[in-house]
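Per the UniProt record's numbering, the sequence shown runs over residues 445 to 698.
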Amino acid sequence: LQIENDLREAIKQEQLCLYYQPIIELMSGHLSGFEALIRWQHPTKGLIYPDEFIPIAEETGLINPIGWWVIQQACYQLKCWEKEHPKGLKLSINVNLSAQQLKQKGLVEKIGDLLTETKIEGNRLKLEITESCLLETVTIEAQRVNQIKELGIGLCIDDFGTGYSSLSRLYEFPIDTLKIDRSFIRRLEFSQTAIVQIIVSLAHTLGINVVAEGIETLEQLNHLQGLGCELGQGYLFSKPVDSAKANQLLHNYN
Ligand code: G
Ligand code: G
Ligand code: MN
Ligand code: NA
């Protein structure tokens, strides 16, 4: 496959990069952190979005080196921002993790070493896994999830409400955050608030944080504030931006 070869080359030639989308505290408007979203700066095709190459990376196993690169890059970026904003910057970065990465032996040890090496506290890093990924986990991967948690790293369930939910998994895993899928946020416009309301109250009852995804309008924001949803991201605040622009956002917010 041409794209597979190109992707191998992309890793070597450092054509991959991370974009960052702000995650905002909805009550105060403060910046809580960023979600890292991978992009591929292709030499001839321009900027390629993850939907076009992550599935191929997953099929070919290239997701492991790529995913590892993402985690490293996120830690280096945190380090970099810390230097530029020395006054107690308490940002975190969310990284998306593929199901396959959890199957990797040695993943947790590698992450632990990286945190030690970069002197980054575990709680500055959050790993997002989808609800279907969590449902599929077998014992060994479940152990890995728990070991990740022991490093202090946050665990987020991405696209919550769209996969095959097994609510009992919320008890089995040390989950910090539910990310409400943007399809439910879109429906707030039509006053379909019930599902968001239920997810927020479920999360809060369990002592879990909630992030609303895909907030595009003030009306949606007002609904979410009314429902007590504490965190959000979406085009209303900012689209995903490159690291230089994210750095500017840091200056504006802090
Ligand atoms: O901008 P957006 O097109 O960035 O992202 C589309 C999808 O790609 C999202 O579902 C997101 O979870 C996924 N994605 C983005 N970056 C990464 C990454 O670094 N690793 C994995 N596994 N998925 C990612
Ligand atoms: O599945 P994941 O949540 O990780 O995907 C994030 C995806 O959502 C990225 O493709 C990102 O570019 C996109 N996104 C982020 N904010 C918005 C938004 O406000 N509206 C829409 N339509 N997409 C968004
Ligand atoms: Mn995500
Ligand atoms: Na999501």
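C-beta atoms are modelled at their ideal positions from N, C-alpha and C, and glycine is treated no differently.
- Each of L491, V644 and T562 was checked against the Cα of W525, and the nearest Cα belongs to T562.
- Annotated three-state conformation of Y463 is strand, per DSSP.
- Contact check for P618 against L481 fails: the beta carbons are separated by 8 Å or more.
- Around the CB of Q457, fewer than 16 other CB atoms lie within 10 Å, so the residue is classed as exposed.
- Excluding sequence positions up to five before and after V644, its CB lies within less than 7 Å of the CB of V654, L671, G672 and C673, all in the same chain and listed in chain order.
- In the assembly as shown, V552 is a buried residue. Its beta-carbon has 16 or more other beta-carbons within 10 Å.
- For A688 against F478, the beta-carbon gap comes to about 13 Å, at or over 8 Å, which does not count as contact.
- Per DSSP, reduced to three states, the secondary structure at E553 is helical.
- Contact check for T581 against L541 fails: the beta carbons are separated by 8 Å or more.
- If you draw a 10 Å sphere on the C-beta of L662, you find fewer than 16 other C-beta atoms in it, and that means exposed.
- By the Cβ test, the region 483-501 is not in contact with the region 530-539, since fewer than three Cβ pairs between them sit closer than 8 Å.
- Residues close to ligand 3 by the beta carbon criterion (under 7 Å to any non-hydrogen atom) are, from first to last along the chain, E479, N538, N540, E572, D602 and K623.
- If you compare the alpha carbons of Q485, C461, S627 and G596 with that of D602, the shortest gap goes to S627.
- Relative to ligand 2, L481 has its C-beta within less than 7 Å of a heavy atom.
- Counting only unbroken stretches of 3 or more residues, the beta strand (DSSP E) elements lying wholly within the region 535-603 are 536-540 and 569-574, in sequence order.
- Taking 7 Å as the cut-off, the C-beta of S682 does not count as close to any heavy atom of ligand 1.
- Taking C-alpha positions only, I555 is separated from L522 by approximately 15 Å.
- The Cβ-Cβ distance between T504 and E448 falls below 8 Å.
- Here the alpha carbon of Q587 sits roughly 11 Å from the alpha carbon of E616.
- Following the DSSP letters along the chain, one finds R483 inside the beta strand (DSSP E) bounded by residues L475 to H486.
- Taking N567 as the centre and dropping the five residues before and after it, the same chain places the C-beta of G596 closer than 6 Å to its C-beta, in chain order.
- Excluding sequence positions up to five before and after F681, its CB lies within less than 6 Å of the CB of P466 and I468, all in the same chain and listed in chain order.
- Between G605 and D620, the beta carbon gap of about 17 Å keeps them out of contact (Cβ cut-off 8 Å).
- Shortest gap from the CB of Y520 to any heavy atom of ligand 2: 7 Å or more.
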